[in-house]
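Okay, so here's the structure we're looking at.
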Amino acid sequence: MHVTSRRYYFLIAGLTAVAALGGCAPSQLTVADENATLPKGENSAAFLDRMSSLDTVTQNDAMRGLLMLEGGDKTDTFKQKVDLLIDKKIISPTGSYNASHELSRGQLARMICCACKLSGGLVLRLTGPSERYCLRELQYRKMMIDGSVSAKVSGMEFASVLTRAEIYKRTRRFPDMVGDTD
């Protein structure tokens with residue numbers, strides 16, 4: 001084996017180890033606007049109706065949606081939502097969360113993959129749930145449409161993805177997209 005080949009293998013092994021251990025992820029939990037609240041007594045139909053009319057979805061709304069997917073949102077504050085989703089291993093315990101920040105497509109994809117316990121392809125299995133590879137997996141499975149990881153999520157897209165995730169959790173089958181001819 002050539003020295004160059006050995007270096008190449010060590011480089012690949014090192015990069016894989018860094019990716020598997022979290023790479024450049026924040027090392028502590030940061031929660032801003034932790035006392036933010038949402039409308040009380042909102043059932044899933046009212047929630048989806050409210051979501052579908054929004055231009056963009058906030059992290060607070062997204063976390064309520066994920067908790068509804070998990071059986072219901074019985075929390076009062078954003079911080080309680082964060083803590084509960086960390087306990088359920090749906091969001092990272094070392095992330096940075098802000099109730100009023102807009103949700104990105106990558107953040108949504110990562111939360112949905114974790115909530116649905118999707119193992120995904122080889123890269124997702126080796127590196128763990130990253131926004132980029134979770135989005136790719138959900139696009140491949142036709143649960144999300146093509147687009148950028150950093151693009152903001154519209155209310156209509158959020159309602160659609162949440163509905164597809166609920167179908168997957170209930171049936172363990174990926175739902176077909178309307179009008180899909182493949």
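Count the sequence shown with this note's numbering and you get residues 1 to 182, in order. From the three backbone atoms N, C-alpha and C, an ideal C-beta is built for every residue, glycine too.
Item: So the beta strand (DSSP E) T30 belongs to, where does it begin and stop?; Value: T30 to A32
Item: By the 10 Å Cβ neighbour count, where 16 or more other Cβ atoms means buried, how is A46 classified, buried or exposed?; Value: exposed
Item: Go ahead and pull the three-state DSSP assignment for K74.; Value: coil
Item: For L138, tell me which candidate among S150, V31 and A165 has the shortest Cα-Cα distance.; Value: A165
Item: For a quick check, are the C-beta atoms of L118 and K152 less than 8 Å apart?; Value: no
Item: Since N60 is in the alpha helix (DSSP H), which residue starts that stretch and which ends it?; Value: Q59 to L69
Item: Apart from the five residues just before and just after V123, which ones in its own chain have a Cβ nearer than 7 Å to its Cβ?; Value: Y133
Item: Which two residues bound the contiguous alpha helix (DSSP H) that contains S53?; Value: Neither: S53 is in no alpha helix (DSSP H) and is coded neither H nor E.
Item: Any idea if P129 is buried or exposed, counting beta-carbon neighbours within 10 angstroms, 16 or more meaning buried?; Value: buried
Item: Provide the residue span of the alpha helix (DSSP H) that contains S184, from first to last.; Value: Given that the chain is displayed from residue 1 to residue 182, the structure contains no residue 184 and the question cannot be resolved.
Item: Taking all protein chains shown into account, decide if Q28 is buried (16 or more other Cβ within 10 angstroms of its Cβ) or exposed.; Value: exposed
Item: Take the Cβ of R110 as the centre, count every other Cβ of all protein chains shown within 10 Å, and call the residue buried at 16 or more, exposed below.; Value: buried
Item: Let me know the secondary structure DSSP gives S154 once reduced to three states.; Value: coil
Item: Using CA atoms only, rank isn't needed, just tell me which of Q107, S148, K142 and T163 is closest to L48.; Value: T163
Item: For S104, name the three-state secondary structure that DSSP assigns.; Value: strand
Item: Determine the DSSP secondary structure at I145, reduced to helix, strand or coil.; Value: coil
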